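Q: For reference, the structure I am asking about is given below.
Number of protein chains: 2
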Amino acid sequence: MRADAMRNRRLLLDAAAAEFAEHGMDVSVARIAVRAGIGKGTVFRHFATKEQLITAIFADQLDGLAATGEALLRGTEAAAGVDTGAGVGAGPAVARGADALLAFMSAGVEAQVGDRAFCQAAGAIARADPQVRRASQRLAAVAEALTAEARHDGSVRDDVTGHDIVLLINAASQATAPLGDTVPGLWRRYLSMMFDGLRPAAAHPLPVPAPEETHFTAAARHA
Amino acid sequence: MRADAMRNRRLLLDAAAAEFAEHGMDVSVARIAVRAGIGKGTVFRHFATKEQLITAIFADQLDGLAATGEALLRGTEAAAGVDTGAGVGAGPAVARGADALLAFMSAGVEAQVGDRAFCQAAGAIARADPQVRRASQRLAAVAEALTAEARHDGSVRDDVTGHDIVLLINAASQATAPLGDTVPGLWRRYLSMMFDGLRPAAAHPLPVPAPEETHFTAAARHA
DNA sequence: ACCTGAACACCGTTCAAGT
DNA sequence: ACCTGAACACCGTTCAAGT
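Quick note, the sequences are listed as chains A and B, same order. Counted from 1, the first sequence has number 39 at position 45 by our numbering; the numbering is strictly sequential. Counted from 1, the second sequence has number 101 at position 107 by our numbering; the numbering is strictly sequential.
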């Protein structure tokens, strides 16, 4: 790839991410091109279709969230190590896994609510793209690990999986969509309620088993 | 309104509802007109814009859900009346309010998941329309009444409002969107989890107060 | 190789001509 | 009054001409 192509690709991705976040994913390609300072045709040289452009940005954001989750996971593991090693100085071990899991979910919801395009993309499209699939799997893996930690705390019921967590993040971000940003932090209310539903105290048997990776790949093919 | 106009309006609404439900809200107006057997221009005689057509259908569906909720509410009230009157023959009074509330939420989610347009409309648009606002308020009122019943049972925490319920219905329907209909009844899993979060047993204090009607009207103006 | 803007097809919306 | 399809503006996508 030539140097100017490289540079244009970056300009394009940045401009597109900003425009999508501000105005939703129906901003015109022309407008994005202007903001990036490149020709309209150049957009389609880098991404065969507008949807593929959205897809690339979406995958990037999922990867960012996965990285956040992995950092949180290292935190709980390190803290656990300290606990078993010395047994002093650390906070209450019983809630650490739950805190990390809630922080992860909060980060996920927060990323979506500030970003109109993310909201819309998360809902429907772009799941077929292998790039997005890979990011999704990484996300589910770290979610599963964080859930396992919280389970060990006894603060999360044992029939909840990493895939459940990813889907609940999605659900929580959509909860307040009808209100726009009229009540800025409102999503925390619903994430809290959902998190209470994850606790063992109120757990009732679930009517349907958790989805497996198979179902996600099947959905990707079907779309 | 002339008789043929009346007839065309009905044909249009039915065709549009079907097309939207099957293919999402980006089906072309031309296609809807063909299915309705009317001219493209006639669509715009009945609804000034495509979005207003969507809005009308959306409001209708919200009204349908409100009616379901009101029927459920009459059911619990009637049952409660029998209970206090005779005190025999009825089922366990303690869970009736909870059952009705869950049935209401299930009906709401079910209506959305089978309907691609409903999903997308619920997410973003059309909240400004007064018709939709009225339907929304009616929905929130019946949700509030059902919640009150469940509270009396002691099966729902007391910091949950009707507006919360409406937003949670929205959230639950979006939860499984990434999976399409790969796992048909999967939404029941997440509605169950959320419902467990509504029970007093696991209730933790919520970080943000419930939204008021004011916020919804403000959001409507802003959109 | 890559960039560009004019050209094309499609879709929402308008409107002049019909009944 | 209401219906209709041709006409318009706009947007995603393509491509011939440039460097």
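C-beta: ideal position from N, C-alpha, C; glycine also. All values derive from a computational prediction rather than experimental measurement.
By how many angstroms is the C-alpha of His157(B) removed from the C-alpha of Arg182(A)?
A: Sequence index remark: in the first sequence, residue 182(A) carries index 188 (1-based). Sequence index remark: in the second sequence, residue 157(B) carries index 163 (1-based). Cα to Cα, Arg182(A) sits roughly 15 Å from His157(B).
Q: Can you tell me whether DSSP reads Ile163(B) as helix, strand or coil?
A: As a first step, residue 163(B) is located in the second sequence; it is residue number 169 there, counting from the start. In this structure, Ile163(B) counts as helix in the three-state DSSP scheme.
Q: If you follow the alpha helix (DSSP H) that Gly148(B) is in, where does it begin and where does it stop?
A: Looking up residue 148(B) in the second sequence gives position 154. Element bounds for Gly148(B): n/a, residue is neither H nor E.
Q: Does the region 190 to 204 of chain A come within contact of the region 183 to 196 of chain B, defined as at least 3 CB pairs closer than 8 Å?
A: Touching, yes.
Q: Could you list which residues in chain B have their beta carbon closer than 9 Å to that of Met188(A), in chain order?
A: Residue mapping note: residue 188(A) aligns to position 194 of the first sequence, counting from 1. Result: Leu162, Ala165, Tyr184, Met187, Met188 and Gly191.
Q: Measure the C-alpha to C-alpha separation of Ala144(A) and Arg90(A) and round it to an integer number of angstroms.
A: Taking the first sequence and counting its residues from 1, the one referred to as residue 144(A) is at position 150. Taking the first sequence and counting its residues from 1, the one referred to as residue 90(A) is at position 96. In a straight line, the C-alpha of Ala144(A) is about 7 Å away from that of Arg90(A).
Q: Quick check on the burial criterion: 16 or more other C-beta atoms within 10 angstroms. Buried or exposed for Gly33(B)?
A: Looking up residue 33(B) in the second sequence gives position 39. Exposed: under 16 other Cβ atoms inside 10 Å.
Q: How big is the Cα-Cα spacing for Ala101(B) and Phe38(B)?
A: The residue given as residue 101(B) occupies position 107 in the second sequence. The residue given as residue 38(B) occupies position 44 in the second sequence. When rounded, the distance between both Cα atoms is 32 Å.
Q: Which same chain residues, not among the five before or five after Ala24(A), have their C-beta less than 7 Å away from its C-beta?
A: Within the first sequence, residue 24(A) is the residue found at index 30, counting from 1. So the list reads Lys34, once near-sequence residues are dropped.
Q: Which chain B residues are close to Gln46(A), counting only those with a beta carbon under 7 Å from its beta carbon?
A: Counted from its first residue, the first sequence places residue 46(A) at position 52. What Gln46(A) touches in chain B: nothing, since even the nearest Cβ is about 18 Å away.
Q: For Gly191(A) and Val154(B), I'd like the C-alpha separation in whole angstroms.
A: The residue labelled residue 191(A) in the question sits at position 197 within the first sequence. The residue labelled residue 154(B) in the question sits at position 160 within the second sequence. Their backbone Cα atoms lie some 14 Å apart in a straight line.
Q: Could you tell me the boundaries of the alpha helix (DSSP H) in which Met188(B) lies?
A: Position 194 of the second sequence, counted from the start, is the residue given in the question as residue 188(B). Per DSSP, Met188(B) belongs to the alpha helix (DSSP H) from Trp181 to Leu192.
Q: Got a sec: is the Cβ-Cβ distance from Ala197(B) to anything in chain A below 9 Å?
A: Position 203 of the second sequence, counting from 1, holds the residue named residue 197(B). Yes - at least one Cβ of chain A is within 9 Å of the one on Ala197(B).
Q: Please classify Asp8(B): does DSSP put it in a helix, a strand, or coil?
A: On the second sequence, residue 8(B) is found 14 positions in, with the first residue counted as 1. Correct three-state label for Asp8(B): helix.
Q: Exposed or buried, which one is Arg(-4)(A) when buried takes at least 16 other CB atoms within 10 Å?
A: Indexing the first sequence from 1 puts residue -4(A) at position 2. Exposed, by the Cβ-count rule.
Q: Beta-carbon within less than 7 Å of Ala197(B)'s beta-carbon, same chain only, minus the 5 sequence neighbours each way: which residues are those?
A: Taking the second sequence and counting its residues from 1, one reaches residue 197(B) at position 203. Only Arg151 meet the Cβ criterion.
Q: What in chain B is Cβ-close to Thr170(A), meaning under 9 Å?
A: One-based indexing of the first sequence puts residue 170(A) at position 176. In chain order: Leu161, Asn164, Ala165 and Pro205.
Q: Along the chain, where does the alpha helix (DSSP H) that runs through His40(A) open and close?
A: Here residue 40(A) refers to the residue found at position 46 of the first sequence. From DSSP, the alpha helix (DSSP H) with His40(A) extends over Lys34 to His40.
Q: Alpha carbons only, please: which of Leu95(A), Ala213(A) and Leu140(A) is nearest the one belonging to Thr176(B)?
A: The residue labelled residue 176(B) in the question sits at position 182 within the second sequence. Minimum Cα distance to Thr176(B) is reached at Ala213(A).
Q: Does the region 2 to 11 of chain A touch the region 41 to 53 of chain A, meaning 3 or more C-beta pairs lie closer than 8 Å?
A: Segments in contact, yes.
Q: Excluding the five sequence neighbours on either side, which residues of its own chain have a C-beta within less than 7 Å of the C-beta of Ala92(A), listed in chain order?
A: Within the first sequence, numbered from 1, the residue matching residue 92(A) stands at position 98. The residues are Ala144, Asp147, Ser149 and Val150.
Q: State the Cα-Cα distance for the pair Phe52(B) and Val103(B), rounded to the nearest angstrom.
A: Taking the first residue of the second sequence as position 1, residue 52(B) is located at position 58. Taking the first residue of the second sequence as position 1, residue 103(B) is located at position 109. Each residue's Cα considered, the two are about 14 Å apart.
Q: Beta-carbon of Asp57(B) versus every beta-carbon of chain A: anything under 9 Å?
A: Position 63 of the second sequence, counting from 1, holds the residue named residue 57(B). No, Asp57(B) does not count as interfacial toward chain A.
Q: What did DSSP end up calling His17(A) once you bin it into helix, strand or coil?
A: The residue given as residue 17(A) occupies position 23 in the first sequence. Here His17(A) sits in helix by DSSP.
Q: So with Cβ pairs under 9 Å, would you call His209(B) a contact of chain A?
A: Stepping through the second sequence from its first residue, residue 209(B) is reached at position 215. True, the Cβ-Cβ gap to chain A drops below 9 Å.
Q: What residue range is occupied by the uninterrupted alpha helix (DSSP H) comprising Thr28(B)?
A: The residue given as residue 28(B) occupies position 34 in the second sequence. Here the sequence assigns Val to residue 28(B), which means Thr is not the residue at that position. Per DSSP, Val28(B) belongs to the alpha helix (DSSP H) from Val23 to Ala30.
Q: By the three-class DSSP mapping on this structure, what secondary structure does Gly156(B) have?
A: Within the second sequence, numbered from 1, the residue matching residue 156(B) stands at position 162. Three-state result, Gly156(B): helix.
Q: Can you pull the chain A neighbours of Val177(B), defined as C-beta to C-beta under 8 Å?
A: Within the second sequence, numbered from 1, the residue matching residue 177(B) stands at position 183. Within chain A, the residues near Val177(B) are Val202, Pro205 and His209.
Q: State the CB to CB distance for the pair Arg3(B) and His40(B), rounded to an integer number of angstroms; the pair is presumed to be in contact (CB under 8 Å).
A: Here residue 3(B) refers to the residue found at position 9 when the second sequence is read from its first residue. Here residue 40(B) refers to the residue found at position 46 when the second sequence is read from its first residue. So it is a contact: roughly 5 Å between Cβ atoms.
Q: My output table needs one value for Pro124(B): the three-state DSSP class, helix, strand or coil.
A: Reading the second sequence from its first residue, position 130 is the one you call residue 124(B). In the structure shown, Pro124(B) sits in a helix (DSSP, three-state: H, G or I).
Q: So, is the C-beta of Leu180(B) closer than 9 Å to a C-beta in chain A?
A: Within the second sequence, residue 180(B) is the residue found at index 186, counting from 1. Yes, Leu180(B) lies at the interface with chain A (some Cβ there is under 9 Å from its Cβ).
Q: If you compare alpha carbons, which of Thr36(B), Asp109(B) and Gly63(B) is closest to Ala19(B)?
A: By one-based count along the second sequence, residue 19(B) stands at place 25. As written in the sequence, residue 19(B) is Met, which differs from the Ala given in the question. The shortest C-alpha separation from Met19(B) is found at Asp109(B).
Q: At 8 Å on the CB atoms, spell out the chain A contacts of Leu95(B), in chain order.
A: Position 101 of the second sequence, counted from the first residue, corresponds to residue 95(B). Near Leu95(B) there are no residues of chain A at all, since even the closest Cβ is about 14 Å away, more than 8 Å.
Q: Among the candidates Ala15(B), Leu56(B) and Ile26(B), whose CA atom is the shortest distance from the CA of Arg128(B)?
A: Mapped onto the second sequence, residue 128(B) falls at position 134. Comparing Cα positions, the closest option is Leu56(B).
Q: Taking the straight line between their C-alpha atoms, what separation do you get for His17(A) and Ala105(A)?
A: The residue you call residue 17(A) lines up with position 23 of the first sequence. The residue you call residue 105(A) lines up with position 111 of the first sequence. When rounded, the distance between both Cα atoms is 15 Å.
Q: I want to verify the contact list: residues of chain B whose CB lies under 8 Å from the CB of Ala219(A), in sequence order.
A: As displayed, chain A neither begins before -5 nor continues past 217, which places residue 219(A) out of reach and without an answer.
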